[in-house]
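Below: one structure, written as structure tokens.
In my numbering, the protein residues as written are 14 to 336.
What follows is the structure, given as structure tokens:
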């Protein structure tokens, strides 16, 4: 029996993932990284206009041309001088996004971006991430509250969440996920399951942070899909078969090193035609985000900055500084 338990535990162990430098190491300041064979998209906003983004992105949401703006700011290690500012204004808009269709679809994708929240950053509703549609589209599909069938779609967004106001704004990083085996919510709907890294680390205000996520599709017929998060090059959470968690609820679970439950892994898909087909860079804000976090007088403007996006089929890592 003891041997069987050891074998079972070994079978559930996840393959280790890299940390620190990735393919970025060979490209100081990200110079020339777009030529790497694993890279699918690079965006650094250095051309300086929103019009210049259009050839690389399938959809740009910028209501009344008042949400997105290229401004002068950048992470310390960046080779550039510009970044994308996204401003959500209550009563006028809900923020904006850039949507990139990945063609062909991919079974494993890493998305790395830098983000900076304002010094007084409040809570938000939803943020950025990876996902898949079958068939793929050039724009996001509205499907909130609906079960994600394994032959049509899945998604994994990384976003700060206030956990009903118990975490200081903008909140702790959390995966907001839709997939075939997601749990039903208490109201009977299928709202995204929130998967929390241990300790619920959050982004610093007023500082650039390197965020990278990975989605690895399952082999069809198995629940061996994975999800991972790196913050400033440190592997913060890796979720897949054998991950220890707290109690499952209709809202999700916490990753816990000594948790009482064991996650079976993700069954993102049930057909091979569904895989990672898009990346969405998004800053989405509604009044509901403030209500859920018990904010009585929400600020009118909610602003973030993005820079140095790299989408690849291998781990990217933070920008490697020039020698």
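For every residue, glycine included, the Cβ atom is placed at its ideal position computed from N, Cα and C.
Asked                                                                                                                                                                    : Found
Is the CB-CB distance between residue 146 and residue 121 below 8 Å?                                                                                                     : no
Below 8 Å CB to CB, which residues in the same chain sit around residue 149 once its five sequence neighbours on both sides are set aside?                               : 114, 115, 116, 118, 290, 291
I need the boundaries of the beta strand (DSSP E) containing residue 64, first residue and last residue.                                                                 : No beta strand (DSSP E) holds residue 64; DSSP gives it neither H nor E.
Are any of the Cβ atoms in chain C nearer than 8 Å to that of residue 134?                                                                                               : Among the chains of the structure shown, chain C does not appear; only one protein chain is present.
Excluding sequence positions up to five away, which residues of its chain have a Cβ less than 8 Å from the Cβ of residue 53?                                             : 115, 119, 122, 324, 325, 326
Among the residues of its own chain, which have a CB less than 6 Å from the CB of residue 276, if the five just before and after it don't count?                         : 256, 258
Using CA atoms only, rank isn't needed, just tell me which of 244, 245, 252 is closest to residue 236.                                                                   : 252
Suppose you measure from the CA of residue 328 to the CA of residue 31; what does that come to, to the nearest Å?                                                        : 7 Å
Answer yes if the segment 206-217 comes into contact with the segment 259-270, meaning at least three C-beta pairs across the two stretches below 8 Å, and no otherwise. : yes
Pull up the DSSP beta-bridge partners for residue 167, would you.                                                                                                        : 145
With burial defined as no fewer than 16 other Cβ atoms inside 10 Å of the residue's Cβ, what is the status of residue 3: buried or exposed?                              : The first residue shown for the chain is 14 and the last is 336, placing residue 3 beyond what the model contains.
By Cβ distance, which residues of its chain are closer than 6 Å to residue 135, with the 5 residues on each side in sequence left out?                                   : 182, 312, 315
List the endpoints of the continuous alpha helix (DSSP H) containing residue 125.                                                                                        : Run containing residue 125: none in the alpha helix (DSSP H); it sits in the beta strand (DSSP E), 121-130.
For a test of the three-state rule: what should DSSP assign to residue 185, helix, strand or coil?                                                                       : strand
Does residue 334 come out as helix, strand or coil in the three-state DSSP assignment?                                                                                   : coil
By DSSP, does residue 56 sit in helix, in strand, or in coil?                                                                                                            : strand
By Cβ distance, which residues of its chain are closer than 7 Å to residue 197, with the 5 residues on each side in sequence left out?                                   : 203, 263
Between the segment 218-231 and the segment 242-250, do at least 3 Cβ pairs fall closer than 8 Å?                                                                        : yes
Note the first and the last residue of the continuous alpha helix (DSSP H) segment covering residue 304.                                                                 : 300-305
Measuring straight from C-alpha to C-alpha, what distance separates residue 152 and residue 169?                                                                         : 16 Å
Just the C-alpha distance for residue 47 and residue 330, rounded to the nearest angstrom, thanks.                                                                       : 14 Å
Beta carbon of residue 183: closer than 7 Å to some heavy atom of the ligand MN?                                                                                         : For the ligand MN, the structure offers nothing, since it holds no ligand at all.
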